[in-house]
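FYI, the UniProt record's numbering numbers position 41 of the sequence shown as 41, with every residue one higher than the one before it. Glycine included, every Cβ here is placed at the ideal spot set by N, Cα and C. Input: a single structure, listed below in structure tokens.
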Amino acid sequence: MYLKELTLRGFKSFASATTLRFEPGITAVVGPNGSGKSNIVDALAWVMGEQGARNLRGTSMEDVIFAGTSSRPALGRAQVSLTIDNTDHALDIDYTEVTISRTIFRNGGSEYAINGSPCRLLDIQELLSDTGLGQQMHVIVGQGRLDQILRADPSGHRAFIEEAAGILKHRKRKERALRKLANTETNLSRLDDLLAEIHRQLGPLGRQARVSRRADAIQITLRDARSRLYADDAKRAMEQRDAARSELAAVRGELNGLRRDLAHAKVRIEQVETVSAQASPAIAQASRQWQELSAVRERLRSLASLAAERERSLLAQITNDFGDDPDLLEHRAREMDDQTAQQRELERNARTSLDQATERRADDERRLASLRQTIGELRRTTQQRDANIARLREMIAREESAVQLATTRARDFGEQRAALDRQLAEAIAQRDALERAADADAADDGTAALDEARRRLAVAQDALNAVQERQRDVNGRIISLKAKAEALSDTLDNRNASGALERDADVDAMGRLTDFIRVADGWEDAVARALDVFAGAIVVPS
């Protein structure tokens, strides 16, 4: 075995990768002062595991990294690789050539490798210790080392001899073994203390186990009662849930009936609008006739004024022509009387026609107003029914949510019951384990264990009471939901009855009583109490 090759990268003054190859025999490195001869020796010591910065002629381990020059920047790491010829297998490794590498970084991190495989510093030290190599071996003799050996006392000579004999590794192994033995003795002492504590606790645990047997019957009875209670509560909750669902289905059916009633009301509105559209031409024609008759009346008034003017003119002419023939005057008078009578007859006929047209127009306007009022009432009724349907849908949604919540709570109660059953089983198993671990000869009164069992029983009873209270809350909620569903069903029955009466062809229904009542703000409750059951009454013509 001999050193075959040494490669330096960034170590002290070796900035570039530098490789030194050695041959068997003696190799001398010569050069002037400051050429780096000592750095090669430092590299050998460092790669073999040297940890002291002073032994490498530095203040810190980072000083071995190339610090840079005026023409070359500093490097971030230093690496040294040492290749050893192992053809004689002096090293305990299955390779004929072994390369040991060590790398250090600026941040203080280090890496070690054997033939490129990462390893620990301890692995390198143990590998080299059997061959006399290593950081504390005598293979590297520095300046002043010979003088130190020559001036050493007998104990120092013994240390040098032990290092040369290769027993340093065994001494370190002995030290590690002694440390492990000390730790083992400490652990054994702790185990003895733990065993003593466990034996000390076995007596009370045995008493607790015996006392827990006394509570076994109570626990079994409690478990059976709790199981029966949970089963009954779950069954009752499921029955109430099914009933609520049935009532909900009935409410939905009634809601569909209201929708059909709404569709019928919309059809009636369309029919009324059609009648109104059909009556509009007649109303327009009557308006045109009224306008024409008004024009005729104006013309008749003009003719009457003209006739009166002509009458005055004729009278004046008669007065001026007093000496004319009396027969001629009488003839003219009769003609004027006839013309006046004709004009009056025409005026009476025109007035009669105008009055008739006015009456027809008034009738048409009344009919139109009645149709418009009917359309408005139907629209208000439709809007009210739409609002009622929306309110019913919201109520149905709330009831469905409440039913789902009740179902979820029932399921939670079942899970809680299962959890309590598991806790009971665990308690029984723990009791059995304590019985097996208890000392058969321990015989004490067991008052503390009895108190513990009573406390556990009280805790279980409190948990059972809490579950029962929650179950009662759920039952009350289900009863409330059922009452709401019944009230909703009654409301829908009343509305269905009213809708059926409104749809009856034999009854000319004008609408519900509440559609014709306008209540001032603040009087709603009083009017509702006064109407009572008559609030849903149907109004028909007398």
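Excluding sequence positions up to five before and after D42, its CB lies within less than 6 Å of the CB of L56, all in the same chain and listed in chain order. Spatial neighbours of N86 in its own chain (CB-CB distance under 8 Å, excluding positions within 5 residues in sequence) are listed in chain order as M1, I93, Y95, T96, E97 and V98. In terms of Cβ geometry, Q79 and I104 form a close pair [threshold 9 Å].
By a beta-carbon distance limit of 8 Å, T18 does not contact E5. Their separation comes to about 11 Å.
A Cβ-Cβ distance of about 5 Å is found for the pair L82 and I100, placing them in contact under the 8 Å criterion. Within the stretch 151-231, the complete alpha helix (DSSP H) runs of at least 4 residues fall at 154-165 and 168-214.
Listed in chain order, the non-local C-beta contacts of T382 below 8 Å within the same chain comprise L262, A265, K266 and I269, local neighbours out to five positions each way being set aside. By the criterion of a C-beta distance shorter than 6 Å, A45 is surrounded in its chain by I140, once the five residues flanking it on both sides are discounted. E126 is positioned such that its CB atom lies no closer than 9 Å to that of P118.
If you draw a straight line from the Cα of A53 to the Cα of R190, it comes to about 41 Å.
For L303, the closest alpha carbon among the candidates F14, S401, L205 and R344 is that of R344.
By the CB criterion at 9 Å, G10 and R77 fall inside the cutoff. In the DSSP assignment, Q79 falls within the beta strand (DSSP E) that extends over R77 to D85.
Counting the other CB atoms within 10 Å of its CB gives I149 a total below 16, which places it among the exposed residues.
Your pair G36 and S13 checks out as a contact, with CB atoms roughly 5 Å apart and the cut at 8 Å. Under DSSP, no beta-bridge partner is assigned to P73. Across the structure, Q219 and S227 are spaced so that their CA atoms are roughly 12 Å apart.
Contact between L3 and F22 holds, since their C-beta atoms are separated by about 5 Å, short of 8 Å. Of the residues assessed, M238 falls on the exposed side of the cut-off, its CB having fewer than 16 other CB atoms within 10 angstroms.
For E126, the uninterrupted alpha helix (DSSP H) run begins and ends at L121 to S129, by DSSP.
Judged by their CB atoms, I167 and M48 are not nearer to each other than the 9 Å cut-off. Following the DSSP letters along the chain, one finds L44 inside the alpha helix (DSSP H) bounded by residues K37 to V47.
In this model, A419 and R106 are separated by some 60 Å (Cα to Cα). When DSSP states are grouped into helix, strand and coil, S13 belongs to the coil group. The DSSP-derived three-state label of R57 is coil. Here L91 really is in contact with I84; their C-beta atoms are around 7 Å apart, less than 8 Å. Annotation for E62: no beta strand (DSSP E) segment contains it, and DSSP assigns it neither H nor E. Beta-bridge partners of I100 (DSSP): L82 and I114. Pairing S60 with L122, the inter-Cα distance amounts to about 21 Å. Its chain contains no residue whose beta carbon lies nearer than 7 Å to that of A520 once the 5 sequence neighbours on both sides are disregarded. Here the C-alpha atom of I198 lies approximately 18 Å from the C-alpha atom of R210.
Contact annotation: A402 and A244 have beta-carbon atoms nearer than 9 Å.
The Cβ atoms of R171 and E162 sit closer than 9 Å to each other.
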